[in-house]
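All remarks here apply to the structure that follows.
Spelled out as structure tokens, the structure:
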């Protein structure tokens, strides 16, 4: 009896051990590398979750049919996008993706998403294209200019601590300086926008703006709009306008924005972490006429916790990236596709922490 | 034979000495009584007759199970979920039954260690060479009379340090040298002597150096590569002094120690980058003393501890102001405890104990950079022994008062904030002797409420803490059975334990990132768990000088998120909690050498509560081999041991992006003189 018991126990334990074995060191993503022909599409950059060891990805969303192809970057290149990618831009026929954690900038073919170049850049945070160059702002305080024909980087230029946004207007490149890691000293050096000459890459001057500036956009008049993000506590975020003569005025309240066809699209989101919900409002401001139009969002069109907003140039449709709620940073998110009037067309389920849409 | 019996008795009693707070046992361990012992029945293994589960490994079992370090030892205890960041210098914290590391108290020689800043104890600082035993109590303390702090935690890991070896000639010592893969060296020197008729003293010191540059595999499709861990060098040194004196029906003991660790932090694996510049220097020192006495029907104990810790963290990166990030923390704690137990009737004992503690934290952070916590914890307990039934009930109150202050700086004026916490933690356990022959079988059950306070970081650290957090509360229920037998003369030991449990945690304290450098800490979440822990061990003596020992443990854990019904993660297994885990070993002691084969395994886990392919950590099983031999010349004994670890060279991670070492060796020589 005891012999049998002993034998059974040993066999049970060994079998449990073997059952726990796996020959796969890491689960392999099974992705069809051939994109289906579903009409117009866009790419969503998902930041992933570095704390949970999940790298970033780029999903393809099919705008007409509401379908999604997960991690199109991996499907096209059989390798990962990297850790903590930031908002990508399309410039010419290429898409440029700064990947903060992995210290690189991907240059991708906009139609196939295949890698054209992999450039080593220190902690890239933001990117913009102008005058045949792509400018990359690194969180280490430098801006690098990259020739889009040869992919040759320039010598990095010091602009200030923790640049967070880039925009080009005419022959000037505007860089927001956040000094974000110096929050302990009240973002002491982070209340300015540095202005560079696009050709010589020399620092022309600095413009004083609000606390902790982030994203920047320029309209056709040469006015630049900057998001002053505040201190996430008692200084609320707002959008400011830098006029062509360099004067800075408060423009509107908001925590995320983008610019398309001289119109600002501004989201004001307030998170309630105790209920895992947020209050979200959306408006459009014509920067040429300074007229504001509130865009009403129905319940099903209201994102849980917006992380980025983009507008499709061809249709004017609005795309809002969102987590499911303020506490759901480590879960898959959504992209809301809205008509210019705010009606919901589609809601795409995408990867973890979507952080921007770039159009194909 | 007489010598062997005497040796066994002394070993058993020495083990009991670690239960210093129980003066009856301390009295029994007086060296004068050693010669009188004539034990003819097999002693019950620790934890077999208690209402709460107790799992214990001592130095003999470390060798018989092929255990190489403390992390390995904890893997062999059912219910333990070790969070291991890999390598010799990697952070190692222990969570029991899925409750989280902050719910697990770690006691060293009976007194709980504390880290009020982080709330979890890094076990990599304790070397197995300096420990006599490791004991896990998944449902809290089993002793009637103990420090109250040990009662507030859901689970307790007891580390037993130096114990006097009364059989060795005096003075005596041990010198050991260990060399292992990836440039690791460890030395230990220990010297002890009898300083009086009833007193012993010991000094020991150890040093460890490790390059820790083990290879690992980055899985990244066509860009997959085999790299080596960089920036992971570690140097640590430890020194400890002990003094023990037996009194008539009592003892007192003094202990002091120092630990210094200077290490580079390799950080998590980042795709396309294999560089890191983080450094950390940790220093700590402690002094503790305790006293236990039996007076007729009364037992007394008192103990005190002072602990100082300093941590200096530095990261070089151009993104930080000045190109470097410095975080400096200093902690002090004064802790005192005392209590008494009375035998009211032969079958009933009552006990009362109280703790008083004061902890301070200083940091170089700009706000709330000084925090203090004053604690007062009284408890009452009662234990009834009614024939086959043993019942233990107790209640403890926990009163804490926090004060967080900001030194006046350029951006933050001087300010102060106060906060109080109160909790009441009752518990009850029972053990019933079902039968004595042919097997000794006990049934047991237990119930406990416990809690944990927000740590100083969770409550006060700038851009992380939230000062209005509530304590996290846990409630546990356990039922199980134990079996011990001596089936035959050639089969002297068979033990089996099985415990089923259920628990729930409310007001979980969770930190959520808001931006890359800004976090919020919240009370959110509810967890419900149920599971099964089972252990089996057996020893056979098929021939003279041949001993076969087999041991196995298995844990089934279903730890589910019950925060928000309807959410994606509701009902999912919590992150980093395997549903199935366990370990097994088979040891064969032969006249000329001993050979041990061992393995541990864990089933699939996830790195977040959302279960996706990208968050999945595959199951693993790690196998190891160990060979050892002892050589004696006169009064010298040389223990030689060789270990071959992760024999199948399995690349796996316990924490995602923190790879564990692959195949490795470890050679140990220990000279006893």
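Protein chains in written order, with this note's numbering: chain A, 14 to 373; chain B, 71 to 743.
Ideal Cβ positions, reconstructed from N, Cα and C, are used throughout, including at glycine.
In the displayed model, residue 63 of chain A falls within a helix according to three-state DSSP.
As the crow flies, the alpha-carbon of residue 123 of chain A is around 10 Å from that of residue 55 of chain A. Contact check for residue 141 of chain A against residue 179 of chain A passes: the beta carbons are separated by less than 7 Å. Straight across, the Cα-Cα distance linking residue 699 of chain B with residue 724 of chain B is about 32 Å. The shortest CA-to-CA distance from residue 500 of chain B to any of B/526, B/524, B/461, B/226 is the one to B/461. For the segment 344-362 of chain A, the residues whose beta carbon sits under 8 Å from a beta carbon of chain B are, in order, 344, 345. Taking CB atoms only, residue 247 of chain A has no neighbour in chain B less than 7 Å away. Residue 127 of chain A is outside the set of residues whose beta carbon lies under 7 Å from a beta carbon in chain B. The Cβ atoms of residue 408 of chain B and residue 372 of chain B sit closer than 7 Å to each other. Of the residues assessed, residue 112 of chain A falls on the buried side of the cut-off, its CB having 16 or more other CB atoms within 10 angstroms.
By the C-beta density criterion, residue 136 of chain A is buried, having at least 16 other C-beta atoms within 10 angstroms. For residue 290 of chain A, the enclosing beta strand (DSSP E) has its first and last residue at 290-299. Within the same chain, Cβ atoms closer than 6 Å to the Cβ of residue 308 of chain B are found at 276, 329, the five residues on either side in sequence being excluded. Residue environment: residue 662 of chain B is assigned as exposed (fewer than 16 neighbouring CB atoms within 10 Å of its CB, all protein chains considered). Here residue 284 of chain A carries a strand assignment [DSSP, helix/strand/coil]. Inter-residue distance for residue 676 of chain B and residue 639 of chain B is about 12 Å (C-alpha atoms, whole angstroms). Within 7 Å of the CB of residue 153 of chain A, the CB atoms of chain B belong to 388, 389, in sequence order along the chain. Residue contact check for residue 286 of chain A against chain B: a CB pair falls below 7 Å. The beta carbon of residue 194 of chain A sits closer than 7 Å to some beta carbon of chain B.
Looking at the backbone, the Cα of residue 372 of chain A and that of residue 133 of chain A are separated by about 24 Å. In summary, the residues of the segment 676-689 of chain B whose CB is separated from some CB of chain A by less than 9 Å are 676, 677, 678, 679, 680, 682, 683, 684, 685, 686, 687, 688, 689, in the order they occur in the chain. Annotated three-state conformation of residue 436 of chain B is coil, per DSSP. Measuring C-alpha to C-alpha distances from residue 295 of chain A to each of A/177, A/270, A/301, A/287 identifies A/270 as the nearest. Scanning B/113, B/741, B/464 for the CA closest to the CA of residue 707 of chain B turns up B/741. Think of a sphere of 7 Å around the beta carbon of residue 340 of chain A: the chain B residues whose beta carbon falls inside it are 582, 594, in chain order. Cα atoms of residue 164 of chain B and residue 436 of chain B: separation of roughly 32 Å, rounded to the nearest angstrom.
About 12 Å separates the beta carbon of residue 267 of chain A from that of residue 254 of chain A, a gap too long to meet the 8 Å contact definition. Rounded to whole angstroms, the Cβ separation of residue 340 of chain B and residue 235 of chain A is 39 Å, and the two are not in contact under 8 Å. Below 8 Å, too few C-beta pairs join the segment 238-251 of chain A and the segment 208-218 of chain A to call them touching: fewer than three. With fewer than 16 other CB atoms across the displayed protein chains lying within 10 angstroms of its CB, residue 312 of chain A is exposed. Closer than 7 Å to the CB of residue 96 of chain A there is at least one CB belonging to chain B. Taking CB atoms only, residue 67 of chain A has a neighbour in chain B less than 7 Å away. Straight-line measurement puts the Cα of residue 210 of chain A at about 14 Å from the Cα of residue 168 of chain A.
Per DSSP, residue 726 of chain B lies in no alpha helix (DSSP H) and is assigned neither H nor E. Of the candidates B/412, B/177, B/554, B/418, B/554 places its Cα closest to the Cα of residue 608 of chain B. For residue 711 of chain B, not one C-beta of chain A is nearer than 7 Å to its own C-beta.
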